[in-house]
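Following my numbering, the numbering of the sequence shown begins with 3 at its first residue and continues without gaps. Ideal placement from N, C-alpha and C gives every residue a C-beta, glycine not left out.
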Amino acid sequence: MNTQRPNFKKKEMAFSATPYVYLAPDIPVYTVEVSHREEIDGDLLQRAMERTLTRMPYASDTFTVEHGAVYYAENPLPMTVAHTDKIRRVGGSETNWHMLDVTWDGNKTWFSMFHGFCDGQGLNSFIESTLYHYYCMKDNTEYESNGIRNDKSEMTEAETFEPCSKTYEVSPEFKMPERKEQPVPYHIPEIVFNPDGEVLENGFHLRSDAFMAFVKGNGTSPAVMFSMLVGEAILRVHPDADAPIVANAPVSVRRMLGCEETFKNCSSRVTLPVHGTPMDAMPFAQRAAQLRSVLKMQMDTELYHVQYNYLGGMYRKRMGEATDYQEEIKKPAGFLGVCHDTFYIDYIGSMHKTAYSEQITDVRFLCKPALGNTLHINIIEHNGSFRLTCLACSDITPILDALEQVIKDHELPFERTPEQRFSLPKTNWRDGMALD
Numbered sequence: 003m004n005t006q007r008p009n010f011k012k013k014e015m016a017f018s019a020t021p022y023v024y025l026a027p028d029i030p031v032y033t034v035e036v037s038h039r040e041e042i043d044g045d046l047l048q049r050a051m052e053r054t055l056t057r058m059p060y061a062s063d064t065f066t067v068e069h070g071a072v073y074y075a076e077n078p079l080p081m082t083v084a085h086t087d088k089i090r091r092v093g094g095s096e097t098n099w100h101m102l103d104v105t106w107d108g109n110k111t112w113f114s115m116f117h118g119f120c121d122g123q124g125l126n127s128f129i130e131s132t133l134y135h136y137y138c139m140k141d142n143t144e145y146e147s148n149g150i151r152n153d154k155s156e157m158t159e160a161e162t163f164e165p166c167s168k169t170y171e172v173s174p175e176f177k178m179p180e181r182k183e184q185p186v187p188y189h190i191p192e193i194v195f196n197p198d199g200e201v202l203e204n205g206f207h208l209r210s211d212a213f214m215a216f217v218k219g220n221g222t223s224p225a226v227m228f229s230m231l232v233g234e235a236i237l238r239v240h241p242d243a244d245a246p247i248v249a250n251a252p253v254s255v256r257r258m259l260g261c262e263e264t265f266k267n268c269s270s271r272v273t274l275p276v277h278g279t280p281m282d283a284m285p286f287a288q289r290a291a292q293l294r295s296v297l298k299m300q301m302d303t304e305l306y307h308v309q310y311n312y313l314g315g316m317y318r319k320r321m322g323e324a325t326d327y328q329e330e331i332k333k334p335a336g337f338l339g340v341c342h343d344t345f346y347i348d349y350i351g352s353m354h355k356t357a358y359s360e361q362i363t364d365v366r367f368l369c370k371p372a373l374g375n376t377l378h379i380n381i382i383e384h385n386g387s388f389r390l391t392c393l394a395c396s397d398i399t400p401i402l403d404a405l406e407q408v409i410k411d412h413e414l415p416f417e418r419t420p421e422q423r424f425s426l427p428k429t430n431w432r433d434g435m436a437l438d
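Here it is in structure tokens:
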């Protein structure tokens, strides 16, 4: 392992990384844990990752800082799979300054990233490609890729498109929705944010067929329905909640910006007031359909064009005018003060369905919970089951018990998962950089 940081050849400015690379503290690694039916063959996993890198060479890039601006940079150093049950510090000498990392032990693999380098959808493309090549070699079968990037296809420029690099067209007739003063959302008193504390993970598995029938029967979408169930549980624990219960849901805006293939950060958020509005008086199904309309209203293409024109202009100006990185990170970081409302719910969707999918028995998303008194929830569907995972740095048993009862009351088949605990190392992406 090289412990002296090389001089990496810079590429384009990392505009969409701005909220992460100008934070003074390092942020925790974001990791996806994949469980497999059989024990992992480490040599095959290494070869699978190498095949992925021939198809997605940008996945081995790193960052470099010049004056005050941050650039993607070519990293020719080897990217090596490690046999360890520890999640490694991404970005520094331990991972040869790569911003993505793969480790394995027993029947588990861990895929980690620095969130400034890409977002969850970008990481997912890397994971799916690596697992595709792994299972093709393990089973000696050329599986159908079903949308997964593999080394039989060519990389496109669209995969490295920078969403904040351009100005998007907005029709002259478009009017931004009128901004109205919103009441401060309810915050859950038993949830305590601890930036360095151990994360407690609890949750449920819900059968996909039964849950989707329930969703469709109420004229709504999975993200809305999950938000309603969680909101109902919070209200049962805190019936005297004196403020609206609001869900905050991150969304990929690739389709709205016309950059579906990019691996870079490309997201926004929608909010759903699941309690504390006149909709409370509606019957359950009517409220579910109405909340879906509220979500769809926020998914307006031109609205995101306006938002990204503003963000892109701000990020380009900052990096274009930066001269001193140490001074840049002293500036107020609005990202750290983002309010994630009552609960943060990340509906991740599912991996591409393939012939070897059943050999992958579980997928977990390990991340630090959102800031403040905010319940953090990740949801992914895999092999006929939704995994609803609640993350917190403090005991939330009353909310979990209430959510279990809510699920029972709606007669949804489920399984409660045992509590697990994990800690995440900080990223180390500035390791060895001359930042003076």
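Would you list the residues sitting across from residue i in a DSSP beta bridge?
i, result
"N250", "T273 and Y346"
"K11", "E76"
"H85", "W106"
"Q422", "E203"
"S387", "R209 and H384"
"H38", "I362"
"E68", "A71"
"L377", "F345"
"P30", "K428"
"F416", "L208"
"S352", "E383"
Have a look at residue i and residue j and give me their C-alpha separation to the nearest angstrom.
i, j, result
"Y349", "G386", "16 Å"
"C138", "G44", "15 Å"
"V2", "V365", "Only positions 3 to 438 of the chain appear in this structure, which leaves residue 2 out of reach."
"G93", "L426", "14 Å"
"D103", "G314", "28 Å"
"A50", "P27", "34 Å"
"F345", "P241", "16 Å"
"K154", "R271", "35 Å"
"Y317", "E161", "20 Å"
"N250", "T279", "16 Å"
"M178", "I381", "31 Å"
"F424", "D326", "36 Å"
"R257", "L305", "13 Å"
"E200", "S396", "9 Å"
Does DSSP classify residue i as helix, strand or coil?
i, result
"T114", "Correcting the residue type first, residue 114 is Ser in the shown sequence and not Thr. DSSP places S114 in strand when its eight states are reduced to three."
"L55", "helix"
"V365", "strand"
"K332", "coil"
"S147", "coil"
"C392", "strand"
"I401", "helix"
"F443", "The chain is shown only over 3 to 438; residue 443 falls outside these bounds and no answer can be derived."
"Q407", "helix"
Leaving out five residues on either side along the sequence, give the residues of the same chain with a beta carbon under 6 Å from the beta carbon of residue i.
i, result
"N204", "C392, L402 and E421"
"N126", "none"
"R181", "none"
"E234", "V408"
Apart from the five residues on each side of it in sequence, which residues of its chain come closer than 7 Å, Cβ to Cβ, to residue i?
i, result
"L46", "Y136, M139 and K140"
"Y310", "P165, C166, Y170 and L259"
"E35", "K110, W112, R366 and L368"
"A75", "F10, K11, K12, K13, D63, T64, F65 and T66"
"T222", "A290, A291, L293 and R294"
Here's a check: name, in chain order, each residue in its chain whose Cβ is nearer than 8 Å to the Cβ of residue i, leaving out the five neighbours to either side.
i, result
"L55", "A61, S62 and M81"
"F216", "M227, H412 and L414"
Comparing the CB of residue i with every heavy atom of the ligand PLP, is any distance shorter than 6 Å?
i, result
"E330", "The ligand PLP is not part of the structure shown, which contains no ligands of any sort."
Is it true that the region 285-300 meets the region 238-247, where meeting means three or more beta-carbon pairs spaced less than 8 Å apart?
-> Judged by pairs of C-beta atoms under 8 Å, the region 285-300 does not touch the region 238-247, as fewer than three such pairs exist.
Touch test, the region 115-133 against the region 7-22, Cβ-Cβ under 8 Å, three pairs minimum | In short, these stretches touch, since the Cβ pair count reaches three.
Three CB pairs or more closer than 8 Å across the region 204-224 and the region 427-437 | The region 204-224 vs the region 427-437: no contact.
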